[in-house]
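Encoded as C-alpha cells, the structure appears first; notes follow it.
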Amino acid sequence: MSGVIGFLINLQFFTVFPIKKQLPMEKKYIHRAIQTFPLVGLLLGLILGGVLYALVEWTPLSSLSIAFFLWFLTMALTGGLHLDGWIDASDAFFSYQDKERRLEIMKDSRTGAFGVISVIVLLAARFLFIYEIVERVNEWTYFLIIALPLLSKCVMGYLLIRMPLAKKEGLGAFFQSAGTKSSLPIYWLYLLVSLAIAWTIDFKLVPLFFIMCLAAVFFLVYMKRKILSWFGGITGDVLGASVEGVELWLWLILWLLHYFAMG
Numbered sequence: 000m001s002g003v004i005g006f007l008i009n010l011q012f013f014t015v016f017p018i019k020k021q022l023p024m025e026k027k028y029i030h031r032a033i034q035t036f037p038l039v040g041l042l043l044g045l046i047l048g049g050v051l052y053a054l055v056e057w058t059p060l061s062s063l064s065i066a067f068f069l070w071f072l073t074m075a076l077t078g079g080l081h082l083d084g085w086i087d088a089s090d091a092f093f094s095y096q097d098k099e100r101r102l103e104i105m106k107d108s109r110t111g112a113f114g115v116i117s118v119i120v121l122l123a124a125r126f127l128f129i130y131e132i133v134e135r136v137n138e139w140t141y142f143l144i145i146a147l148p149l150l151s152k153c154v155m156g157y158l159l160i161r162m163p164l165a166k167k168e169g170l171g172a173f174f175q176s177a178g179t180k181s182s183l184p185i186y187w188l189y190l191l192v193s194l195a196i197a198w199t200i201d202f203k204l205v206p207l208f209f210i211m212c213l214a215a216v217f218f219l220v221y222m223k224r225k226i227l228s229w230f231g232g233i234t235g236d237v238l239g240a241s242v243e244g245v246e247l248w249l250w251l252i253l254w255l256l257h258y259f260a261m262g
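Sequential numbering of the sequence shown, starting at 0, is according to numbering that gives the first Met the number 0.
Structure, rendered in C-alpha cells:
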C-alpha cells in the first residue's frame with residue numbers, strides 16, 4: 000500500500016494527472032515515491048509510445064503532424080515542471096557567477112534572456128529529433144521511446160540520493176530528507192525487467208536498449224561532476240534541468256540509432 004501512495008505522490012508532484020486526494024507525506028511514503036520514480040517515467044513512456052503507435056497506424060496524419068503532437072505531449076504530461084528547472088538553471092549557469100550567486104539567480108522568479116534562449120534551443124532540438132525519428136519509425140521505436148523517460152527518472156533518483164544539497168530547502172531537500180541508499184537498488188530490477196521484455200520482443204532490441212542505458216550512465220557520470228562545480232550540489236531546479244538534459248541526450252541517441260543501427 001505504501002508503494003501505491005508513493006506512486007500517487009509522484010503523479011501529484013511531477014505530472015498533470017489530477018490526484019485530488021490528500022496524500023500523507025511521511026518519510027516512509029516519500030521513500031516509496033523515490034523508489035517509484037522510474038515507474039512514473041514508464042507510465043509517461045507508455046503514453047508517448049502508445050500515442051505514437053496510434054497516430055502512425057490509425058491516422059492519415061503526416062510525419063510533421065505526428066511529430067508535433069508527440070513533441071507537445073512531452074511537455075504537456077509534466078505541465079512543463081522540468082522545463083521551469085531548465086530555464087532557471089540556465090539563467091544561473093550562463094550568468095558565469097560564483098556558486099552562491101548562481102543559487103540566488105535560480106531563486107529569482109523572473110526569467111532572463113539566457114533562460115529563454117536555452118529553452119528555445121532545447122525544444123527545437125527535441126522537435127528535430129522526434130520528427131526524424133517519426134520519419135524512420137519501425138517496430139523497435141515504440142519500446143525505446145517507452146524506455147526513454149524510465150531511464151531519465153532513474154537518473155533523477157540517483158542524483159537526488161547520491162548528490163549533496165546546494166541548499167537545505169525546496170523540493171529537492173524535501174525528497175532527499177526521506178531518501179536513503181536503499182531507495183536505489185530497486186532501479187536495477189526495473190532495468191533488468193525492461194531488458195527481459197526487450198529480449199522477449201526481439202533479441203535485436205537488447206543491444207539498442209543497452210546503448211540507451213550506457214548513454215544514460217555517461218550523462219549521469221558527467222553531471223555528477225559538473226553539478227558540484229557549477230552549483231555546489233542539487234536543488235529542485237537542478238534536478239529538473241537534469242531530467243530535461245538527459246531526455247534531450249537520449250532523444251539524440253535514439254535519433255542516431257535510427258540512422259546508423261535501425262535503418
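Beta carbons are placed, not taken as given, at the ideal position from N, Cα and C, and that holds for glycine.
Computed from a predicted model, the values in this text were never measured in an experiment.
- Take the alpha-carbon of Val115 and the one of Ala123: they are about 12 Å apart.
- Excluding sequence positions up to five before and after Met0, its CB lies less than 7 Å from no other CB in the same chain.
- DSSP places Ile18 in the coil class of the three-state scheme, outside both helix and strand.
- Distance from the CA atom of Trp250 to the CA atom of Leu72, rounded to whole angstroms, is 14 Å.
- By the criterion of a C-beta distance shorter than 7 Å, Glu134 is surrounded in its chain by Ser62, once the five residues flanking it on both sides are discounted.
- Look at the beta carbons and you see the segment 43-50 not touching the segment 16-27: under three pairs across the two are nearer than 8 Å.
- Cβ neighbours of Arg101 within its own chain (closer than 8 Å, five residues either side excluded): Ala91, Phe92, Ser94, Trp229, Phe230.
- Judged by pairs of C-beta atoms under 8 Å, the segment 130-144 does not touch the segment 212-220, as fewer than three such pairs exist.
- Closest by C-alpha distance to Glu168, out of Lys223, Pro23, Ile233, is Ile233.
- A straight-line Cα-Cα distance of about 13 Å links Val3 and Met24.
- Residue range 204-230 is occupied by the alpha helix (DSSP H) that includes Trp229.
- Of Asp87, Lys98, Ala112, the smallest CA-CA separation from Lys106 is found for Asp87.
- Distance from the CA of Leu149 to the CA of Leu41, rounded to the nearest whole angstrom, comes to 5 Å.
- Inter-segment contact for the segment 181-198 and the segment 52-61 is absent: fewer than three beta-carbon pairs are separated by less than 8 Å.
- Remark: C-beta atoms of Gln175 and Leu190 do not approach each other more closely than 8 Å.
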